[in-house]
Every structure is written in C-alpha cells, then in structure tokens.
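Participant:
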Amino acid sequence: MRFSRAFFPTLKEAPSEAEVISHNLMVRSGMIRRVAAGVYSLLPLGLRVQRKVEQICREELARAGAQEVFLPTLNPAELWQRTGRWDVYGKELIRLQDRHGRDFCLGPTHEEIVTDLVAREVRSYRDLPQNLYQIQTKFRDEIRPRFGVMRGREFTMKDGYSFDRDEHAAEESYAQMVEAYKRIFQRCGLSFTVVVADSGAIGGSFSHEFMVMADTGEEGINVCESCGYSANSEKTPVNISLPETPGATLEKVHTPGVHTVDEVYTFLKLPAEQVTKTLLFTADGSPVASVIPGHRELNEVKLKNVLDATELFLADAPTVEKLSGAAVGFAGPIGLEGVRIIADDCLEGRGGLVVGANETDHHYTGAEEGRDFEASAFADLTVAEEGDACPDCRKPLTVRRGIEVGHVFKLGTKYSETLEATYQDEDGGTKTIFMGCYGIGIGRTVAAAIEQNHDKDGIVWPMPIAPFQVDIIQANMTDAKCREESDKLYAALQSSAVEVVLDDRDERAGVKFKDADLIGFPYKVIIGPKGLKEGQLELKSRRTGETEFIPLENAAGIISARITEEIETAGSS
RNA sequence: CGGGGCGUGGCGCAGUCUGGUAGCGCACCUGCUUUGGGAGCAGGAUGUCGGAGGUUCAAAUCCUCUCGCCCCGACCA
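For the first sequence, the positions run 286 to 858 when the working numbering is used.
(1) Which stretch, first to last residue, makes up the alpha helix (DSSP H) that contains Asp802?
(2) CA-CA distance, Ala642 and Trp365?
(3) What runs of the beta strand (DSSP E), each 3 residues or longer, lie entirely inside the region 455–529?
(4) Please state the DSSP three-state secondary structure of Ile619.
(5) How many Å lie between Phe834 and Thr394 at the Cα?
(6) When DSSP builds the beta bridges, which residues end up paired with Pro681?
(7) Rounded to whole angstroms, what is the Cα-Cα separation between Tyr374 and Glu558?
(8) Using CA coordinates, which residue listed in Gly691, Lys716, Cys631 and Glu689 is at the minimum distance from Glu702?
(9) Examine the ligand SAM and report whether any of its heavy atoms sits within less than 8 Å of the Cβ of Ala533.
(10) Do the CB positions of Asp665 and Asn524 come within less than 9 Å of each other?
(11) Is it buried or exposed, Ser780, if we count other Cβ atoms within 10 angstroms and call 16 or more buried?
(12) Extract the residue ranges of the alpha helix (DSSP H) inside the region 599–663, only unbroken runs of 4 or more that lie entirely within it.
(13) Can you give the Cα-Cα distance for Ser862 and Arg790, rounded to whole angstroms?
(14) Report the CB separation of Arg581 from Thr667 in whole angstroms; it is logged as a contact under 8 Å.
(15) Go to Asn584, then tell me how far its alpha helix (DSSP H) extends in each direction, as first and last residue.
(16) Since His739 sits in a beta bridge, which residues does DSSP pair it with?
(17) Is the region 606–616 close to the region 560–580, with three or more CB pairs under 8 Å?
(18) Whole angstroms are fine: how far does the CA of Ala841 sit from the CA of Glu363?
(19) Along the chain, where does the beta strand (DSSP E) that runs through Gly726 open and close?
(20) Kindly list the residues whose CB is nearer than 8 Å to the CB of Phe798, restricted to its own chain and excluding five residues on each side of it in sequence; keep chain order.
(21) Which class does Met316 belong to by DSSP, given the choice of helix, strand or coil?
(22) Quick check on this structure: which residue in Asp788, Ala777 and Leu327 has the alpha carbon closest to the alpha carbon of Glu289?
(23) Quick check: Phe440 and Gly726, are their CB atoms within less than 9 Å of each other?
(24) Would you check if the distance between the CB atom of Glu353 and the CB atom of Ile420 is smaller than 9 Å?
(25) With DSSP run on the structure shown, which of helix, strand or coil describes Phe288?
(26) Using the C-alpha atoms, what's the distance from Lys695 back to Arg380?
So this is what it looks like as structure tokens:
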C-alpha cells in the first residue's frame with residue numbers, strides 16, 4: 286500500500302469521545318470511527334487487524350477440529366420463545382417485526398439457531414461429536430455502551446458450540462477449546478489469565494473466562510499469588526469470619542435520617558461488622574430479602590443462583606416501603622412478613638447485630654439470628670474482596686482488573702432439551718446431546734491488545750496482528766536516489782509477501798515518523814540520503830526502538846526472514 | 001431509566017452568564033522556501049452555531065419542546 290493513496294486518516298489530537306487508551310489510539314490511528322453510541326465503522330487499518338485475529342481463530346479452531354458456519358443475524362422469535370429467552374433476555378435483545386408483523390430479534394448469541402440446526406440434522410451417535418463456530422456480527426442493546434469497541438452494541442464475535450454424546454465427551458470438547466483459546470490469545474501477543482467464572486444468563490454448569498490483565502478492565506478478578514487460584518470476583522467463594530459478640534439484648538434505637546451502613550455505624554459508634562444490611566429484591570415475582578454484614582457488598586449473581594431465579598431485580602422504593610412499612614434505609618429482617626429471608630452464612634446464630642427496624646428512623650441493636658428473626662436459608666452472598674482467604678490455600682487473595690476477551694461454558698442439556706436435540710445411541714435409546722459454547726470478542730481482543738501494547742507515541746503491535754508489518758519511510762522526497770531505492774525495496778518486499786506500506790507522501794520525515802509510531806508498524810525502514818551514501822538503510826524496531834543498518838542488497842530478504850521468524854515465535858512460545 | 005455534562009467549519013475548542021460584525025489552533029487548498037522526529041512565510045476556502053417553535057428591532061447567546069452524544073450511577077437500604 287502506498288501511504289499517499291491509503292485511507293489512513295490519522296489524528297494529532299485525541300477525540301473527545303475516547304476515555305480509555307485503546308479507544309483513543311484506535312480513533313487516532315484511523316482504525317475506527319463512531320457512527321452512533323456503541324456502533325463503529327472499521328476503516329482499513331482496523332479491519333486488517335481484526336481479520337488477522339479472525340484468521341488466528343480460524344487456524345486454531347481448525348486445528349482443534351471445529352468447522353466454520355455462518356448463521357443468520359435475523360432470528361425468528363419462535364426459537365427464542367421455545368427456550369424462554371425471548372422473555373428472559375430483556376431489553377438487551379434488539380427486537381423487530383417484518384412487514385407481516387412477525388417478531389424477530391437480532392442475534393445476541395446463537396445457541397437457539399445452532400441447536401435447532403443440529404437437532405434437525407443429527408440422528409445417530411455416529412453423527413457426533415460436532416463442533417461448529419462462526420465469526421459474525423452480534424447485537425446487544427447494552428445498557429451503557431462504552432470504551433469504543435470494548436463494549437459496543439454491534440460487535441464481531443467468534444462463537445462456537447460443541448455437541449457431544451455425553452457429559453464426559455462434552456468435557457473433552459471443553460478442554461480442547463480451552464487449549465485452542467490459550468493458543469489463540471498467545472498468538473495475538475496477549476498476556477492473559479484463565480479464571481473460573483459464573484455462567485450468567487447463558488446458563489450451564491461451569492465456565493471459564495479468558496481475561497487480559499489491564500487496569501481499564503471492567504471485570505474484577507481474584508488471584509491467589511501463592512497457589513495460582515484465579516476467579517472472577519462474582520464467583521470466588523467467601524467465608525467471612527465475624528468477631529465474636531457477647532449476647533446482647535434487643536433494643537430499638539432512634540436513628541433519625543441514618544440510612545446507609547456508613548451512617549449507621551458512625552452514628553451508633555459501633556464497628557461496621559456488627560451492622561447488617563437488608564436488601565429487598567423481587568425474584569421471579571416474589572419478594573426476597575438478603576441480609577449481609579454491612580461492610581460487605583452483596584453479590585447479586587450468587588443470590589440469583591441460590592434462589593435459582595431467572596429474574597432478580599432490586600425492589601424499587603415504593604415496594605420497599607410496602608414490604609418493610611418504612612422509608613428506604615430502614616428495612617431489616619425482624620418482623621418482615623411474607624418475605625423470604627436469605628442471610629449470609631456468617632450470620633447464622635450470630636448475635637449483637639444492628640438491623641433496620643422496619644420503621645422509619647429506627648434500627649435495632651443487639652439483634653440475634655435464631656432468636657429475634659429467622660433466616661429461611663443461609664448462603665455465601667458477598668463479593669470477594671482484597672485480602673479474603675483463597676478458597677484453595679487460605680492465603681490472602683489479590684484483586685486485579687481484567688478485560689474479558691473469551692468465555693467458555695459447559696452448557697449441558699439446557700438448550701438441547703428444550704429444542705429437542707437428541708440422537709439415537711448404540712443401544713437404540715434416545716439421548717439428549719450435551720453441549721458446550723465458546724465465545725471470543727474479536728474487536729475486544731483487538732482493543733485489549735492495544736491496552737497491553739502501547740507507549741506515549743502510539744500502538745506497538747505484536748507482529749502477528751499488526752495491520753502491516755513494515756513501513757518504508759522515504760526520508761527525503763527531493764532526493765531521486767532515495768525515491769528510487771524506496772520503490773525498489775517496496776517492490777521486493779511485496780514479492781516476498783511482506784505486508785508493507787510505502788510512505789511516499791510529500792511530507793517531511795517527522796510527520797512520517799509520527800504516523801508510523803501512532804499506527805504501530807512493528808518495523809520502520811528508513812531510506813534517506815545519509816544511509817544511502819554508505820549503501821545502507823535503517824531498520825528500526827517499534828518495540829525496542831533499536832536501529833540496525835543493513836546493506837541495500839538483499840535488504841528485502843533480511844527483513845522478510847526477520848518477520849517470518851517473529852510470527853513463528855509468537856505461535857510457538 | 002436517574003444524575004451530571006456537552007452539541008459552534010473535518011478535528012480540538014473559545015464565544016452563551018451580560019442578545020447586536022461568528023472566532024482561535026490544527027487539518028485543508030495555492031505559491032515560494034524548507035526537507036531525518038508533527039516546518040516557515042504569504043494568500044485562500046470552509047459554518048442551516050444539533051433540530052423545531054417562541055420572546056425581541058435583533059438570538060450561537062434568553063424561554064419552551066425535541067434529537068444526539070459523553071461521563072457517573074442504575075443495588076448497597
């Protein structure tokens with residue numbers, strides 16, 4: 286590509302929309318442009334990088350035996366109604382109607398479509414296993430799109446699905462996909478961690494997330510430095526040990542205008558651990574109260590799992606007032622009628638607690654579980670925090686931030702049952718197919734790669750996903766020899782299949798250097814009068830900043846050998 | 001959906017409070033000079049001031065409505 290003819294609209298100034306570095310650099314380097322909130326156009330440079338990530342996925346998935354398909358974006362409502370997700374998915378699902386008024390949605394994921402497809406075609410155990418994937422545009426009407434392509438409403442995803450005879454075989458497929466994913470992210474030049482995750486709305490019995498460590502990540506990860514345990518903070522089991530409190534008597538105290546836990550313990554001059562908070566929810570239509578220690582955060586995912594609820598909403602103010610008979614801020618478990626109470630494990634039989642009194646401006650002190658109120662169930666309900674004990678080795682956990690770039694789920698028979706994906710086994714009996722599903726956010730992987738590979742001047746692409754491998758900089762546009770040698774090298778590199786840009790713009794060298802660094806070409810070749818006098822050109826590495834002088838003869842051979850070697854190293858390390 | 005903020009040339013912004021000639025930097029075009037880390041000089045082009053309605057002799061500026069975008073939150077009782 287000749288830079289003078291290329292559509293590489295770089296920007297000197299940071300666009301006001303960009304909040305995180307990857308977003309900023311993707312816009313500045315001319316990879317993307319915003320069309321609407323969470324909706325982006327990919328420009329040539331952005332598309333080239335995305336295609337490389339896609340290609341790496343294709344190669345590794347092929348190696349793992351998966352086959353590529355292409356499923357429709359436009360999904361009929363009927364399939365989604367059969368699995369119940371037409372209702373469960375909520376506002377995130379973009380719905381529309383055709384001219385006849387039939388309901389459709391734009392696929393946010395494709396379990397329904399692919400399971401239905403397999404259900405129709407697979408008859409016998411001889412047809413299994415199957416592993417199908419696609420790379421396709423997904424639509425999720427995110428509550429708050431942000432950070433450029435990191436959380437968009439329309440985005441490219443690699444989603445794959447495995448179909449096996451039984452649980453054991455499904456676990457083998459799962460393990461194979463985990464290995465494929467590791468290779469994919471490694472080849473993309475990412476430093477990542479695999480963590481235990483919650484399976485969320487997609488459902489299933491267990492799952493792992495592939496997290497790229499970055500401070501701008503939206504996910505909290507618990508890591509144990511000593512035994513290597515790592516999990517999404519939503520998933521990490523927590524065992525809170527509360528200090529012993531001697532038996533106290535129940536006493537109602539006047540706490541005017543004291544709503545929050547912080548206000549309560551400050552007002553009462555008691556340790557935060559003694560204060561509890563009671564949060565009221567609506568779970569699948571019935572009221573539920575969760576009671577946890579005040580200094581902790583409720584983990585809504587855990588609560589939802591304990592309740593086995595499909596829909597869990599925090600009660601709004603009018604509901605809280607109706608249930609507790611008090612203003613918001615004074616709900617408590619004592620005398621709460623008609624509400625299921627779920628308390629954190631650590632509160633079982635515990636005394637000396639401060640709880641809301643279900644009366645505006647009042648709390649109880651000295652409350653005791655089992656004596657003054659009774660929880661209908663106990664569970665681990667809180668979010669793991671820095672310093673909590675590792676569930677495996679009991680050493681303190683560290684909290685880190687990560688970007689979720691991949692997620693694998695063991696689905697079991699959740700979709701195959703409702704969509705009747707069955708097969709006839711050797712013994713002649715009808716059995717349900719065991720499924721797994723596997724996703725990679727392609728655009729998010731690109732953004733994550735930038736988060737991990739940049740400096741003050743711009744992007745520093747890992748060789749395997751760089752949009753181009755080499756940028757030839759003609760350092761002096763008036764020098765005929767310089768132009769001639771640049772053209773020669775450009776042609777030579779092209780015939781060696783090197784992805785090369787020739788910066789032949791009528792600009793000063795400084796402008797070309799700045800753009801090259803911003804876009805992040807792994808190598809710059811500088812051809813100027815200085816080196817040419819010696820019969821040399823300069824090869825400068827973006828990553829190390831080191832410059833080598835190489836002879837003009839066979840420069841293309843040297844450069845292309847270098848690039849090949851770097852790509853192979855990334856694939857095998 | 002709640003709170004906050006912003007919509008002015010391609011990009012980044014000033015001007016709005018206190019109504020009266022639309023302005024700056026970068027980018028862009030022309031010419032000359034310059035040519036190894038975002039050049040200099042000279043000249044030039046580019047605006048329905050997000051949209052609609054209203055107030056006024058007069059609206060980017062005041063009022064009403066509306067659309068879009070960004071940030072925080074959307075659970076911490």
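Glycine included, every Cβ here is placed at the ideal spot set by N, Cα and C.
Note that this is a predicted model, so its numbers are computed, not measured.
Facilitator: Once the coordinates are examined:
(1) Numbered from 1 along the first sequence, position 517 holds the residue referred to as residue 802. Where Asp802 is concerned, the enclosing alpha helix (DSSP H) stretches over Ala794 to Ile804.
(2) Looking up residue 642 in the first sequence gives position 357. Looking up residue 365 in the first sequence gives position 80. Those two C-alpha atoms are separated by around 44 Å.
(3) 477–482, 491–498, 504–508 and 515–517
(4) Position 334 of the first sequence, counted from the first residue, corresponds to residue 619. Of the three classes helix, strand and coil, the one that applies to Ile619 here is coil, per DSSP.
(5) Here the question's residue 834 lines up with position 549 in the first sequence. Here the question's residue 394 lines up with position 109 in the first sequence. C-alpha separation (whole angstroms): 51 Å.
(6) For the purposes of this step, residue 681 is taken as the residue at position 396 of the first sequence. Looking at the DSSP assignment, Pro681 forms a beta bridge with Ala674.
(7) Taking the first residue of the first sequence as 1, we reach residue 374 at position 89. Taking the first residue of the first sequence as 1, we reach residue 558 at position 273. Spanning the two alpha carbons is a distance of roughly 37 Å.
(8) Your numbering for residue 702 matches position 417 in the first sequence. Ranking Gly691, Lys716, Cys631 and Glu689 by Cα distance to Glu702 puts Lys716 first.
(9) Ligands in the displayed structure: none, and consequently the ligand SAM is not present.
(10) Mapped onto the first sequence, residue 665 falls at position 380. Mapped onto the first sequence, residue 524 falls at position 239. Going by C-beta atoms, Asp665 is nearer than 9 Å to Asn524.
(11) Along the first sequence, read from residue 1 onward, the residue named residue 780 stands at position 495. With fewer than 16 other Cβ atoms within 10 Å, it is exposed.
(12) 602–609
(13) Only positions 286 to 858 of the chain appear in this structure, which leaves residue 862 out of reach.
(14) Walking along the first sequence from the start, residue 581 turns up at place 296. Walking along the first sequence from the start, residue 667 turns up at place 382. Their Cβ separation, rounded to whole angstroms, is 4 Å, which keeps Arg581 and Thr667 in contact under 8 Å.
(15) Indexing the first sequence from 1 puts residue 584 at position 299. Note, Asn584: premise wrong, no alpha helix (DSSP H); not H, not E.
(16) Working through the first sequence from its first residue, we reach residue 739 at position 454. According to the DSSP secondary-structure assignment, His739 is paired through a beta bridge with Ile744.
(17) yes
(18) Counting from one through the first sequence, the residue named residue 363 turns up at place 78. Counting from one through the first sequence, the residue named residue 841 turns up at place 556. Distance between the alpha carbons of Glu363 and Ala841 is about 58 Å.
(19) As a working note, residue 726 is residue 441 in the first sequence. Unbroken beta strand (DSSP E) run through Gly726: Phe719 to Gly726.
(20) In the first sequence, residue 798 corresponds to position 513, counting from 1. Apart from the 5 residues on each side of it in sequence, Phe798 sits with its Cβ closer than 8 Å to the Cβ of Ile758 and Lys809 in its chain, given in chain order.
(21) Counting from 1 along the first sequence, the entry for residue 316 is found at position 31. It is coil, neither helix nor strand.
(22) Counted from its first residue, the first sequence places residue 289 at position 4. A quick correction: the sequence has Ser, not Glu, at residue 289. Checked all of Asp788, Ala777 and Leu327; the closest Cα to Ser289 is Asp788.
(23) Position 155 of the first sequence, counted from the start, is the residue given in the question as residue 440. Position 441 of the first sequence, counted from the start, is the residue given in the question as residue 726. Their beta carbons are under 9 Å apart, which means Phe440 touches Gly726 by this criterion.
(24) In the first sequence, counting from the first residue as 1, residue 353 sits at position 68. In the first sequence, counting from the first residue as 1, residue 420 sits at position 135. Yes, they are a contact pair.
(25) The residue you call residue 288 lines up with position 3 of the first sequence. Helix at Phe288.
(26) One-based indexing of the first sequence puts residue 380 at position 95. One-based indexing of the first sequence puts residue 695 at position 410. Roughly 28 Å separates the two Cα atoms.
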